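*Asks:*
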Amino acid sequence: DDGMETTLLLGTLSKIAGLMKVGFGEAGAEIIGKHLNMGYNGDGASCINLLGNGSRIQAIFAFCDVRNFTDTTECLQEEVMLFVNRIAHILHSITVQCGGAANKNIGDAFLLTWKVDTDNVTSVDHKHSGDRAL
Numbered sequence: 150d151d152g153m154e155t156t157l158l159l160g161t162l163s164k165i166a167g168l169m170k171v172g173f174g175e176a177g178a179e180i181i182g183k184h185l186n187m188g189y190n191g192d193g194a195s196c197i198n199l200l201g202n203g204s205r206i207q208a209i210f211a212f213c214d215v216r217n218f219t220d221t222t223e224c225l226q227e228e229v230m231l232f233v234n235r236i237a238h239i240l241h242s243i244t245v246q247c248g249g250a251a252n253k254n255i256g257d258a259f260l261l262t263w264k265v266d267t268d269n270v271t272s273v274d275h276k277h278s279g280d281r282a283l
């Protein structure tokens, strides 16, 4: 029975970690990972500093908005969610294939991001990152 409980616990933790990754994104995952690796202080309490300084990154941001969405909503009515989900699937897939991440979507609007690797990057690399993003 103990083995089954451990397996269940590991599965639950894995699901929670996956939800946290989706909810907090790449930057949040880095912050959480850094704090988890800090360990504990002498009295066994966790050493997590939630008010610590952030870090600056360079990124490319793209905003995509579905044209004539209000008219489309009126035509499709209850099928509009299938339409939006198809668009989201296409945008998310292409963004991931090009090294980016879908950051947020609200209705007919999507925010897509590409983190620029500032280690060993030349201006030519920046130009090509932008081209890949578009």
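Numbering (the numbering used here), first residue to last: 150 to 283.
Each residue gets a CB set at the ideal place from its N, CA and C atoms; glycine is no exception.
Values in this document were obtained by computation on a predicted structure and should not be read as measured data.
Do you know how far the Cα of isoleucine 181 is from the Cα of lysine 284?
*Replies:* The chain is shown only over 150 to 283; residue 284 falls outside these bounds and no answer can be derived.
*Asks:* Would you mind listing the beta strand (DSSP E) stretches within the region 206–251 that are 3+ residues and don't spill past its ends, in chain order?
*Replies:* Complete beta strand (DSSP E) runs here, min 3: 207–214.
*Asks:* If glutamine 207 sits next to threonine 161, beta carbons under 8 Å apart, how far is it from one beta carbon to the other, in whole angstroms?
*Replies:* As a first step, residue 207 is located in the sequence shown; it is residue number 58 there, counting from the start. As a first step, residue 161 is located in the sequence shown; it is residue number 12 there, counting from the start. Glutamine 207 to threonine 161, Cβ: 37 Å. No contact.
*Asks:* Where does glycine 249 land, buried or exposed, given buried means 16+ other C-beta within 10 angstroms?
*Replies:* Stepping through the sequence shown from its first residue, residue 249 is reached at position 100. Under this definition glycine 249 is a buried residue.
*Asks:* Evaluate leucine 158 with the Cβ neighbour count: other Cβ atoms within 10 Å of its Cβ, from every protein chain shown; 16 or more gives buried, anything less gives exposed.
*Replies:* Counting from one through the sequence shown, the residue named residue 158 turns up at place 9. Classification of leucine 158: exposed, given that the 10 Å Cβ count is below 16.
*Asks:* From which residue to which residue does the beta strand (DSSP E) around threonine 262 run?
*Replies:* One-based indexing of the sequence shown puts residue 262 at position 113. Its beta strand (DSSP E) spans residues 258–265.
*Asks:* Cβ of cysteine 213 within 8 Å of Cβ of leucine 231?
*Replies:* Numbered from 1 along the sequence shown, position 64 holds the residue referred to as residue 213. Numbered from 1 along the sequence shown, position 82 holds the residue referred to as residue 231. Against a cut-off of 8 Å, the Cβ pair of leucine 231 and cysteine 213 comes out as no contact.
*Asks:* Within its chain, find whatever has a CB closer than 6 Å to the CB of serine 163; leave out the 5 residues flanking it on each side and keep chain order.
*Replies:* Numbered from 1 along the sequence shown, position 14 holds the residue referred to as residue 163. Counting only Cβ-Cβ distances below 6 Å, and skipping sequence neighbours, we find nothing.
*Asks:* Do you know whose CA, among Phe218, Ala211, Asn252 and Thr155, lies nearest phenylalanine 173's CA?
*Replies:* The residue labelled residue 173 in the question sits at position 24 within the sequence shown. Among Phe218, Ala211, Asn252 and Thr155, the Cα nearest to that of phenylalanine 173 belongs to Asn252.
*Asks:* Tell me the rounded alpha-carbon separation between glycine 256 and arginine 235.
*Replies:* Within the sequence shown, residue 256 is the residue found at index 107, counting from 1. Within the sequence shown, residue 235 is the residue found at index 86, counting from 1. Spanning the two alpha carbons is a distance of roughly 13 Å.
*Asks:* When you compare the CB positions of threonine 244 and phenylalanine 210, do they come within less than 8 Å of one another, or not?
*Replies:* For the purposes of this step, residue 244 is identified with residue 95 of the sequence shown, where counting begins at 1. For the purposes of this step, residue 210 is identified with residue 61 of the sequence shown, where counting begins at 1. No, Cβ-Cβ distance for threonine 244 and phenylalanine 210 is not below 8 Å.
*Asks:* Kindly give me the distance between the Cβ atoms of valine 229 and threonine 219, rounded to whole angstroms, as I take these residues to be in contact under 8 Å.
*Replies:* Residue 229 sits at position 80 when you count from the first residue of the sequence shown. Residue 219 sits at position 70 when you count from the first residue of the sequence shown. The pair is not a contact, with the Cβ atoms about 10 Å apart (cut-off 8 Å).
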